[in-house]
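Be aware that the sequence shown starts at 1, since it is given in this note's numbering, and climbs by one per residue. Built from N, CA and C at the ideal position, the CB exists for glycine as well. To start, the structure under review is shown below, and the notes come after it.
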Amino acid sequence: LSGQLGWTQRSPQVNELFSMGLHQSVAGIEEGNPLLKPEASLKTQLGSKLELAEGIHLEAVGWQQSITAFLFLEPQPEPRLTIRGAFPVFIYRQTDALLRGLDLSARFEFDKRWLFLVRGSMLDGRERSGRALIYMPPHSFSFELHHFILPKTKIRKLDLYMRVQGELKQSRYPTDQDLAPPPPGYALLDAGIEGSFRAFGYKTFMGISGENLLNIAYRTYLNRLRYFADESGRSVRFFVKFDF
Numbered sequence: 001l002s003g004q005l006g007w008t009q010r011s012p013q014v015n016e017l018f019s020m021g022l023h024q025s026v027a028g029i030e031e032g033n034p035l036l037k038p039e040a041s042l043k044t045q046l047g048s049k050l051e052l053a054e055g056i057h058l059e060a061v062g063w064q065q066s067i068t069a070f071l072f073l074e075p076q077p078e079p080r081l082t083i084r085g086a087f088p089v090f091i092y093r094q095t096d097a098l099l100r101g102l103d104l105s106a107r108f109e110f111d112k113r114w115l116f117l118v119r120g121s122m123l124d125g126r127e128r129s130g131r132a133l134i135y136m137p138p139h140s141f142s143f144e145l146h147h148f149i150l151p152k153t154k155i156r157k158l159d160l161y162m163r164v165q166g167e168l169k170q171s172r173y174p175t176d177q178d179l180a181p182p183p184p185g186y187a188l189l190d191a192g193i194e195g196s197f198r199a200f201g202y203k204t205f206m207g208i209s210g211e212n213l214l215n216i217a218y219r220t221y222l223n224r225l226r227y228f229a230d231e232s233g234r235s236v237r238f239f240v241k242f243d244f
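Here it is in structure tokens:
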């Protein structure tokens with residue numbers, strides 16, 4: 001069992017104080033506020049790690065964070081018409097907030113050749129009045145399976161893996177504030193193979209990986225470009241890395 005108590009303070013950043021215009025990368029107008037105050041937060045955390053048997057590990061961490069003058073970006077109900085077109089408007093503002101979360105993970109190792117990982121994260125963020133905060137991460141999950149091959153060659157280790165990761169639909173948000181309803185939940189399939197060996201006297205890593213292999217059309221809640229377009233589709237990556 002472990003516990004943690006921490007207090008932090010954060011001053012507003014330059015963009016939060018003085019932004020005034022179009023943010024090109026997210027196609028939105030942002031307005032700062034030079035009167036913003038520093039954030040102050042008190043966070044309590046309680047965690048538990050459990051080893052059921054050799055190679056089976058479970059972990060759970062629950063936390064609560066009380067934030068005074070929580071700083072966030074609030075979308076405005078009406079877009080603004082400019083000579084470049086109409087754009088959504090976002091204003092930095094502050095409120096007293098309470099965030100609660102739970103992180104869960106499980107690790108199963110079998111015969112040093114198989115590894116199965118399960119992770120989950122849940123978060124709820126609200127103003128002191130009980131109103132849900134906007135742009136809070138939705139519940140997320142991932143399942144990951146690894147198979148390690150130890151060939152008797154110059155290749156020291158091969159890791160074949162498959163991963164399913166995704167998010168649930170965000171149901172805790174201010175319905176009268178967001179510019180569009182949260183997108184549906186999704187699950188993506190990733191897979192790859194990575195290996196390590198020595199080449200020219202250096203430790204070398206090589207692999208190929210694929211993300212969103214089923215080419216699912218989806219949008220993530222925290223990406224403000226979701227108002228306009230889907231996320232990237234299927235992608236395949238090949239890499240080589242040398243450790244000098």
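If you run the structure through DSSP and keep just helix, strand and coil, what is residue i?
{"i": "L17", "result": "helix"}
{"i": "Q24", "result": "helix"}
{"i": "Y218", "result": "coil"}
{"i": "R224", "result": "helix"}
{"i": "D103", "result": "strand"}
{"i": "A180", "result": "coil"}
{"i": "A97", "result": "strand"}
{"i": "L115", "result": "strand"}
{"i": "S66", "result": "strand"}
{"i": "A60", "result": "strand"}
{"i": "S232", "result": "coil"}
Counting C-beta neighbours from all protein chains within 10 Å, is the total for residue i 16 or more, i.e. buried, or is it exposed?
{"i": "M136", "result": "buried"}
{"i": "Q170", "result": "buried"}
{"i": "A97", "result": "buried"}
{"i": "Y92", "result": "buried"}
{"i": "E16", "result": "buried"}
{"i": "Y202", "result": "exposed"}
{"i": "E54", "result": "exposed"}
{"i": "L133", "result": "buried"}
{"i": "Q24", "result": "exposed"}
{"i": "T220", "result": "buried"}
Could you check where the beta strand (DSSP E) with residue i kicks off and where it finishes?
{"i": "A199", "result": "Y186 to A199"}
{"i": "F239", "result": "S235 to D243"}
{"i": "E48", "result": "Sequence check: residue 48 is Ser here, not Glu. That run of the beta strand (DSSP E) goes E39 to A53."}
{"i": "S129", "result": "From DSSP, S129 is part of no beta strand (DSSP E); its letter is neither H nor E."}
{"i": "S11", "result": "Taken as a continuous stretch (DSSP letters only), S11 belongs to no beta strand (DSSP E), as it is neither H nor E."}
What are the residues that DSSP puts in a beta bridge with residue i?
{"i": "P79", "result": "For P79, which the question treats as bridged, DSSP gives no partner whatsoever."}
{"i": "F90", "result": "E30 and P75"}
{"i": "K203", "result": "R198 and D243"}
{"i": "S2", "result": "G47"}
{"i": "D124", "result": "R100"}
Scan the region 131 to 175 and note each continuous alpha helix (DSSP H) run of 4 residues or more that stays entirely inside, going in chain order. With a minimum length of 4 residues, no continuous alpha helix (DSSP H) run stays inside the region 131 to 175.
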